[in-house]
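Numbering of the sequence shown is given in this note's numbering, commencing with residue 108 and proceeding in unit increments.
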Amino acid sequence: LDLTEFYGVVDWPRIRGNLSILLEAFGNATDDELLFNAGTNIFIQRIRLYRQTEFGKVVVEIKSVKRHIEREFVRLILGERLSVGWYWLYIEFNTRICQSELEGTHCFPGPLLSSDPKESSSPLPSRQLATGFSTKFEPNFARTFFPGWDDPSIRSTFNLSVQHFSDTNILFNTSPLPNKQNVSTNNLIKLTRFETTPPMPLYLFAIATGPFKPIQVVTTKTNLSLNIWSNNQDLLTAHFVANFSPIMFDKLQEDFNVKYPLSKLDIFITPKYPVGGMENWGLIILHSDNVRISNSDSTLPINDDFIDSSKEEKIKEQKNIQRQNLIEIDKLAERYKIEKLITHELIHQWFGNLVSIWNWEELWLSEGFTSYFVFDFLNAHNHPQLTEHEYYLKLIELINQQSTDGRSSLIKLITNSKQLDRLFDSIQLYTKGAVVVKMLKDLVGPESVDRRSLWTAFPTNADHGADTIRLKDVMETWLINKGIPEVEVKRNYEDKSIKLEQQQADKNRHLIYLDDDKMGRMRLNKRFKSYSFGSVKSKNGQILRQFWLINETIRFVDIGLNKDHYLSKEHELGVLLVGLDALHSFLELFSASEVFGSLIVHLLPVILQLDKQLVIAANEGTDPEVAALWLLNPLRLAKLYQLRCSANLGTCAEHKQIPSKEEKT
């Protein structure tokens, strides 16, 4: 791809380019026509097709060119059928970029210019100079930049050369070739050629440019060149990214044990982008709003009612300490969100780029594995409490969504490109995908999660219970079925029988309203459990039963059961969850020591499990990481504050709850 005119981008920016595509034709796989994608904003000036022979190139007649505007592809009607061998397709094109806020190329503006530069008082409207842009081609927006095959199943290597102003930096997936950079005689225009990319789908192709300067760092263990590009306003953010990214990159490569295949990694922080970040191979692009670091020491306002100049100096000192604690909590929440985004895009360099999906219906593989490893790495190395708490909050959101009429399957059938947007559901795709990956890891063991092929490399059978079931048969149901399963457990204490019944979760089926003077009317979400119970090990002499539930009801009798309340033990495949808003009333039934001292809360007729880390224990005080969750999800975490008060902790009565920034706005 030669971009021959990449400058003078004023008003409606344009690029001009020459595209040379080397194709291989297979027997009986082609006809007398050739199709490729091209957006409506691309003007094709010239097309030529040659067959490569041992004696040179032979012209192949193109009888007609047809544009299919609605479906965004071009059809070439050829004068002959393609035979087995190699072909060259040459396309000269002219593209108007930055035509949409959501698709393709995204320009960020420079200074306002008068329409007539000779007369600043011109009555004509002003125009704005585009000083830079970046690309976001996922899922199928590369066709708005240049012609090609915009499908994840088609992977190509790319060689890029760009003519541009000599004082402008051009970033690409790969590094520039220093020995092939040429400056024209007038010292204004430079030609930059880049290294060949690895085979990759078109949506990972990326270009970025702007008046930015890099912060250059080198990873400690891998000696990789990692450059952070930003404008002057985001230098503080760039330094934070430069400090965090190399450390996490080394951890990822060491743990995955697969070498990053490129010679560099650029992170481009842009003031305008349709999403928080994009994992382009070798060129990660981040929206500055999603990674901006506050440079103020007063990020969380303190209610002035708390401070009275007439009070003792000791009280003022306590308020100052409180202020500093809240500032630290605010910074922790802010940096945690940034670290999650950076880690997500770094993991994609392996999951999604090095190993990419075959079609968009399998997008959960890329996002599910990536989302799981984000929590896994940050839990192990940075924020164990934050990641653990947020994981449960995400599970609650997922269960709420998948227990209503809005439930959907993880794999969706895509019949046309306009349906691709519905794939990118933050709860359905990222959270459920991560949960399924965790289930896979728990079923087969962590040592088997690093294989190449998901089903063929995993063990044939899932080892759980007396019956052996193929792993594929187990997991496919979680991918193609809508919603999540719900298991109802009933025990008859007279005949010592237990009945397990599985059905699709529907929280509207289990609405229980509790009248409480303090909390008012509340809706209880019945607990949910995966279809597998038990553990392969027995602890403390306890008898554990394990079996598979496959759309059926099981009833069994166990004379070893006593008459105590039925206890449901957490299993690797899932947890029992209940809406946090209902726990307040339940806690009144137990003493604080019983609630916080046990992982199991047993209650009839509903079995609940309360993770001891989901609430603030009485003897721990307020941990900064736990408190930071108020800022990540203030509405849900306010319930944790209520739980703290319900346990009669003295600190609740002494201090008012400090609202987060989001709540105040």
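All C-beta atoms in this analysis are idealised placements derived from N, C-alpha and C, irrespective of residue type, glycine included.
Being a predicted model, the structure only gives us computed values, none of them experimental.
Any idea which residues DSSP pairs F252 with across the strands?
-> In DSSP, F252 forms no bridge with anything.
Work out the CA separation of H175 and H346 for me, nearest whole Å.
-> Straight-line Cα distance between these residues: approximately 47 Å.
Taking the alpha-carbon positions, what's the T377 to T242 distance?
-> 10 Å
Please go through the stretch 353-384 and give each complete beta strand (DSSP E) segment of 3 or more residues, from N-terminal end onward.
-> 371-377
Between the Cα of T160 and those of G186, E131, I151, G146, spot the shortest distance and give me the residue it belongs to.
-> E131
Secondary structure, alpha helix (DSSP H): runs of 4+ residues fully inside the stretch 486-553 = 491-509, 539-551
Taking DSSP as the reference, what is the three-state secondary structure of V238?
-> It should be noted that the sequence gives Thr, not Val, for residue 238. In this structure, T238 counts as strand in the three-state DSSP scheme.
Using CA coordinates, which residue listed in G475, L448, L439, L536 is at the minimum distance from Q492?
-> L439
Can you have a look at Q152 and say buried or exposed, based on whether 16 or more other CB atoms are within 10 angstroms of its CB?
-> exposed
Cβ neighbours of G384 in the same chain (closer than 6 Å, five flanking residues each side left out) | L393, L448, E452
Reduced DSSP category for P216 - H, G, I as helix; E, B as strand; rest coil = DSSP places P216 within a strand segment (E or B) once states are collapsed to three.
CA-to-CA distance, F248 to K371, given in whole angstroms | When the Cα atoms are used, K371 and F248 turn out to be separated by approximately 25 Å.
Taking the DSSP output, what are the residues bridged to A132?
-> G192
Secondary structure of T584, DSSP reduced to three states = Here T584 sits in helix by DSSP.
If I'm right that Y499 touches F482 with Cβ under 8 Å, what's the distance once you round it to whole angstroms?
-> With 8 Å as the limit, Y499 and F482 do not qualify as a contact, their Cβ atoms being about 11 Å apart.
What are the boundary residues of the beta strand (DSSP E) that includes V324?
-> 320-325
Quick one: is G134 buried, meaning 16 or more other Cβ sit within 10 Å of its Cβ, or exposed?
-> It counts as exposed.
Taking the C-alpha atoms as reference points, what is the distance between L126 and S395?
-> 32 Å
To the nearest angstrom, how far is it from the Cα of L108 to the Cα of R155?
-> 15 Å
Indicate the three-state DSSP secondary structure (helix, strand or coil) for S463 in the structure shown.
-> Coil at S463, not helix or strand.
For F347, the three-state DSSP class (helix, strand or coil) = helix
Among the residues of its own chain, which have a CB less than 6 Å from the CB of I661, if the five just before and after it don't count?
-> L607
Where P285 falls: helix, strand or coil (DSSP) | helix
Quick one: does the C-beta of Q611 sit closer than 7 Å to a heavy atom of the ligand GTP?
-> This structure simply doesn't include the ligand GTP, nor any ligand for that matter.
In or out: V269 buried (at least 16 other Cβ within 10 Å) or exposed?
-> buried
On the three-pair Cβ rule with 8 Å, is the stretch 323-340 touching the stretch 170-190?
-> no
Considering only residues of the same chain and omitting the five flanking positions on each side of L295, which have a CB-CB separation below 8 Å?
-> Closer than 8 Å at Cβ, skipping near neighbours: F272, S273.
Quick one: what does DSSP say V165 is sitting in, helix, strand or coil?
-> strand
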